[in-house]
Amino acid sequence: MNDIEVDILLVEDSQDDIDLALHTLRRENLANHIFVVRDGEEALDFLFCSGPYADRNAAQMPKLVLLDLKLPKIDGLDVLRQLRADPRTTTLPVVIMTSSKEEKDVANGYHLGVNSYIQKPVDFEQFRQTVKAIGLYWLLINQRPQNHFANKPAEPVKP
Amino acid sequence: MSEAVAIDRGVRAIVRFSALLVEDNLADSELVLRELRRGGFEVTCDVVQTADQFRQKLQTTTPDVVLADYNLGSWRGMEALEILRSAGLDIPLILVSGVVGDVTAVECIKLGATDYVLKDSLTRLPASVRRALEEKQVRKERRQAEADLAKKAEELARSNRDLEQFAYVASHDLQEPLRMVAAYTQLLAERYAGKLDENADKYIRYALEGALRMQTLVTDLLTFSRVGRNRKSTPLAGDAVVREALENLRAALQESGAVVHYEALPTVSGDRTQLVQLFQNLIGNAIKFRGEKAPVIEVSAERSGADKRGAEWTFSVNDNGIGIAAEHAEAIFVIFQRLHTRAEYPGNGVGLAICKKIVEQHGGRISVESKAGEGASFKFTLPASPADGEMDHTQ
Amino acid sequence: MKEAPDILLVDDNPADVGLTREVLAASGLHSNIHNVPDGEEAIAFLRRRGKYTEAARPDLVLLDLNMPRKGGRAVLAEIKTDPGLRTIPIVVFTTSDADNDITHSYELGANCYISKPGNLGDYFSAVQSIEEFWFGFTSLPHSGDQ
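Chains as they are written, first to last, in my numbering: chain A, 6 to 164; chain B, 7 to 401; chain C, 13 to 158.
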C-alpha cells in the first residue's frame, strides 16, 4: 500500500459517480491505479501523508486529482486552497469535476488555481465521454510537472 | 625554514637539513648534533626545552625533522607529536631517549613517532634521520602526483560537461526550425502533389525525407545527451524494470511474435528511468534485428565482482537474431554507428550508445558476444543493491 | 460553451502560428484568434493598453515560452499573479519538453503544458485536442473584466 503508484486520486462521495468514473477510466485503459477518497479531509490526509495515511510514501504523488466540490468534512474549494498553499502540492494537477454550475464556484476554482473546471453532465453517456476526455487530456496529452520530491533536473533553463 | 636537498639513496651523499631538538639537557643535544654531523649531514639546528618554546618555534620555522627526548621533565616527547598533529604539520618526529623499555618504543611508534633511538646507540641516528627524510620526500611526491591527477580529472569532467551541455542545447534549439522545415515540406507534399511539375514532387519528397531524418537524429541526440541528468539511485527489482520495458515494447512484441524469458532477476541499485531505457533498447534491438524465426529473448543475471567493494551482477540479454560479426563488436556502441542501411533496418544508431552511457553511469561495463547469423548476447554489469531485502514494488 | 471563443495566441514563429490557425479554422468552432509575437504585446493585449484598448478578453491563452523581449515565463508570472487576470486558463504550447521547463511553468501557474510535436499530423492533433478539451468539456470563467 505504502509504495503503490497512484495515477488518479478521485475525491468523490457519490457512489454512482465513483463507479461510472472508475469503469470508464479502466475500460479506456487510461489509468491503472485509481484511489478513491470520499471526503475532503481524507483527500488532504492522503496527499499530505497524515492521519490514516501517515505511512504513505510521500514521494509518490498521484498524476491527477479529480475533485468534487460538495464533499463532507472539508469541501472541494477548501481542499484546493490548501493544496495550492503547500509547496508539496502547489503544482499537482487538479481537475474539479462537480455538478455545480454556479458561476462563483467556477470563478473561485480558477482563482484558487485549479487546472480546469468540469461540470458533470447529467447524461450517462456524456458523463462517460467527459471522464474519457479528462483522462486522455490530463494523463496522455498534457506534460506533467516533476514531483517536488524528485531531484531537481540539472538541465539548463533558457532565459 | 630550509629544505633537505638532493637525497641520494644508496650513496652516502652529504645531506643538508634543519632539525628542531626538543631536549632539556644541553649536553645531550650536543651529542646528538655531533653524531648527525659524523653521519655526513650538514645540519642546522634549534633547541627548545618547553612545550611553549616548541610551539613558538614552529610558528616561525618549519624544521625538516624533530628530534625529541622521551622524558622532558615536566612534559613528554610524545606530547610534541600531538602538537605537530594538531597543527597539521607533516614533520617526522624521532624520539632520542635514555629511558626505555622495548614496550614503550613500540608503543611510541604505533602512536605515530617515526622512530626511537637510544642515547647509548646514537650511531643509529643518522640512518634513522635519513630514512625519515626520504619517506617524507616520497610522501610529498605522491601528494603532488595525486593533486595533479585530481586536477586533470576535474578538467576532463568539466570538458565532458561542456560537451554534453553543447549537445543538449544544440539539439534542443534545433527542434523548432526542424519542425518548420518538416511540417511545411509535408504540407507542400500533401497539397501540391501533382500540381507542380514532376521534378517538384521529387524535390519535395527528398527535402521531406531529409527533414524527417534530421528530426529523429536530433531527438536521438537529445535523448543521448539527457542520459545522466537528474539521476537518482534506489533499489530496483530487476523483474519490475524488465516488465516496464516490455510494457513500452508491447506493440513491437505483438507484431513480431517475440517471446521474452526472464525470471528471478536480482535487485540492483540505480535510476529507474534509465534502467528501463537500457532494457528497452536491448530487448527492442533483439526484436528489430531478428532473422527468419520469431525472436526468442532471454534475460538473466549472475553474481560477479565479489572481490571489489560491493557485489555486482552481470546481466545477459540473449537473442536468436541476425547476430553481429566479431569485428564490429565494439563499433556498435559508438553513437550513430550503424551496420545496416536504413532500407534494411530503421534507426539512427543511438540505442546502444545510450545503453553504454547508462551502464557506465552506473559504474558498469557492457559488451557483446556474437557471431554473424547466430544471435547475440549482450552482457553488462550493474551494482547490487545493498538493501537486498527492500524492493521497489511499484507495478 | 461560448459561441466563437477568443483565443490569444502568443507565439513569434509565423510558421507555427500558421499551422495553429489552420487547425482552429478547420474546426466548427469559429474561434477568434488573436496573435501577438511577444510577451510585451501579450500583456498589453490583456490589459487593453495602447492599440489594444478594444481587445476582447480571451477565453484561453496559448503561450509559447521562447520569445524575444518578454518571454513566456514572464508573461505567465505576470498574469497568474494578477487577480484580475489569473482566472484565464493558460495552455503553455511550446517546443521544449524539458522537465525543468515543464515544472517551472506549473510553478508559475500554467494550467497545462503541451510540447509542440515535431510531426505535422501530431501537431494538428495536439491543437485539436486542446481546442476540444477547453471548449468542448471545460467550463470557463466568465469573471468580470478588470
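For glycine and all other residues, C-beta sits at the position ideal for the given N, C-alpha and C.
Everything numeric in this text was worked out from a predicted model, so none of it was measured.
What residues are listed by DSSP as bridge partners for residue i?
{"i": "C/Cys-124", "result": "C/Val-103"}
{"i": "B/Lys-385", "result": "B/Ser-322, B/Ser-373"}
{"i": "B/Asn-77", "result": "B/Arg-82"}
{"i": "B/Gly-276", "result": "B/Thr-240"}
{"i": "B/Glu-48", "result": "B/Arg-22"}
{"i": "B/Val-266", "result": "B/Ile-303"}
{"i": "A/Phe-40", "result": "A/Leu-14"}
{"i": "B/Val-28", "result": "B/Val-54, B/Ala-74"}
{"i": "C/Met-79", "result": "Its beta-bridge partners do not exist; DSSP assigns none."}
{"i": "C/Ile-45", "result": "C/Ile-19"}
Is the CB-CB distance between residue i and residue j below 8 Å?
{"i": "B/Leu-358", "j": "B/Gly-276", "result": "no"}
{"i": "B/Phe-342", "j": "B/Gly-355", "result": "yes"}
{"i": "B/Ala-74", "j": "B/Leu-99", "result": "yes"}
{"i": "C/Asp-24", "j": "C/Asp-109", "result": "no"}
{"i": "C/Val-104", "j": "C/Ile-142", "result": "no"}
{"i": "C/Phe-149", "j": "A/Ala-138", "result": "yes"}
{"i": "B/Ala-111", "j": "B/Trp-81", "result": "no"}
{"i": "C/Asn-50", "j": "C/Lys-82", "result": "First, the amino acid is wrong: residue 50 of chain C is Asp here, not Asn. Yes, these two residues count as a Cβ contact at 8 Å."}
{"i": "B/Ser-262", "j": "B/Ala-307", "result": "no"}
{"i": "B/Val-248", "j": "B/Gln-280", "result": "no"}
{"i": "B/Val-365", "j": "B/Ile-330", "result": "no"}
{"i": "B/Asn-324", "j": "B/Gly-381", "result": "yes"}
{"i": "A/Thr-95", "j": "A/Leu-52", "result": "no"}
{"i": "A/Leu-72", "j": "A/Ser-105", "result": "no"}
{"i": "B/Ser-24", "j": "B/Asp-70", "result": "yes"}
{"i": "C/Gly-10", "j": "A/Gly-81", "result": "Examination of residue 10 of chain C is not possible in this model, given that chain C is present from 13 through 158 alone."}
{"i": "B/Ser-177", "j": "B/Val-144", "result": "no"}
{"i": "C/Pro-95", "j": "A/Ala-112", "result": "no"}
Enumerate in chain order the residues of its own chain whose CB-to-CB distance from residue i is below 8 Å, with the five nearest sequence positions on each side excluded.
{"i": "C/Ala-16", "result": "Leu-41, His-42, Ser-43, Asn-44"}
{"i": "C/Leu-31", "result": "Leu-132, Tyr-135, Phe-136, Val-139"}
{"i": "B/Ala-258", "result": "Ala-264, Gly-290, Ile-293, Lys-294"}
{"i": "C/Gly-62", "result": "Ala-56"}
{"i": "B/Arg-44", "result": "Pro-132"}
{"i": "B/Gly-370", "result": "Glu-318, Phe-386, Thr-387, Leu-388, Pro-389"}
{"i": "C/Ala-27", "result": "none"}
{"i": "A/Gln-148", "result": "none"}
Given residue i, which residues of its chain have a CB within under 6 Å of its CB, disregarding the five upstream and five downstream residues?
{"i": "C/Pro-101", "result": "Leu-72, Asn-123"}
{"i": "A/Phe-154", "result": "Because A/Phe-154 carries a pLDDT of 49, less than 50, the predicted location of this residue cannot be relied on, and the following value inherits that uncertainty. Around A/Phe-154: Ala-64."}
{"i": "B/Lys-238", "result": "Asp-277"}
{"i": "C/Ile-114", "result": "Tyr-125"}
{"i": "B/His-267", "result": "Glu-304"}
{"i": "B/Leu-284", "result": "Cys-361, Ile-364"}
Does residue i pass the burial test, meaning 16 or more other C-beta atoms within 10 Å, or should it be called exposed?
{"i": "B/Thr-32", "result": "Note on residue identity: the sequence assigns Leu, not Thr, to residue 32 of chain B. Exposed is the call here."}
{"i": "B/Thr-120", "result": "buried"}
{"i": "A/Asn-156", "result": "Its pLDDT being 36, under 50, A/Asn-156 is placed unreliably in this model, and the value from its coordinates should be taken loosely. The residue is exposed, with fewer than 16 neighbouring Cβ atoms inside 10 Å."}
{"i": "B/Glu-219", "result": "Note that residue 219 of chain B corresponds to Arg in the displayed sequence, not to Glu. The residue in question, B/Arg-219, is exposed, as its Cβ has fewer than 16 Cβ neighbours within 10 Å."}
{"i": "A/Thr-103", "result": "buried"}
{"i": "B/Val-17", "result": "Any answer about B/Val-17 is weak, because its pLDDT of 42 lies below 50 and its placement is not dependable; what the coordinates show is given next. Burial call: exposed."}
{"i": "B/His-346", "result": "exposed"}
{"i": "B/Gln-401", "result": "Confidence at B/Gln-401 is low in this model, with a pLDDT of 36, below 50, so the placement of that residue is unreliable and no value is reported for it."}
{"i": "B/Ile-338", "result": "buried"}
{"i": "A/Ile-123", "result": "buried"}
{"i": "A/Ile-9", "result": "exposed"}
{"i": "C/Ile-19", "result": "buried"}
Keeping to the same chain, check which residues put their C-beta closer than 7 Å to that of residue i; ignore five residues upstream and five downstream.
{"i": "A/Trp-143", "result": "Leu-69, Pro-98, Val-100"}
{"i": "A/Ile-39", "result": "Asp-12, Ile-13, Leu-15, Leu-27, Leu-30"}
{"i": "B/Ile-210", "result": "Thr-191, Leu-194, Ala-195"}
{"i": "A/Asn-37", "result": "Asp-12"}
{"i": "B/Ala-86", "result": "Val-28, Phe-60, Val-72, Ala-74, Leu-99"}
{"i": "B/Gln-286", "result": "Ala-251, Asn-254, Leu-255"}
{"i": "B/Ala-173", "result": "Leu-227, Ser-231"}
{"i": "B/Gly-244", "result": "Leu-271, Pro-272, Thr-273, Val-274, Ala-307"}
{"i": "C/Asp-157", "result": "For C/Asp-157, the predicted model reports a pLDDT of 44, less than 50, meaning its position is unreliable and no value from the coordinates is stated."}
Contact residues within the region 128-142 of chain A, judged by C-beta distance below 9 Å to chain C: Gln-134, Thr-135, Ala-138, Ile-139, Leu-141, Tyr-142
Under 7 Å (Cβ pairs) to chain C, residues found in the region 97-126 of chain A: Glu-108, Val-111, Ala-112, Tyr-115, His-116, Gly-118, Asn-120, Ser-121, Tyr-122, Ile-123, Gln-124
Chain B contacts made by the region 20-50 of chain C, where a contact means CB separation under 8 Å: Asn-25, Ala-27, Asp-28, Leu-31
Members of the region 166-190 of chain B near chain C, C-beta cut-off 7 Å: His-178, Gln-181, Glu-182, Leu-184, Arg-185, Met-186, Ala-188, Ala-189, Tyr-190
Chain-ordered residues of the region 82-98 of chain C with a beta carbon less than 9 Å from chain B: none
Residues of the region 119-131 of chain C with Cβ closer than 7 Å to any Cβ of chain A, in chain order: Glu-119, Gly-121, Asn-123, Cys-124, Tyr-125, Ile-126, Ser-127
Members of the region 221-232 of chain B near chain C, C-beta cut-off 8 Å: Gln-221, Thr-225
Chain C contacts from the region 188-217 of chain B (Cβ-Cβ distance under 8 Å): Ala-188, Ala-189, Tyr-190, Gln-192, Leu-193
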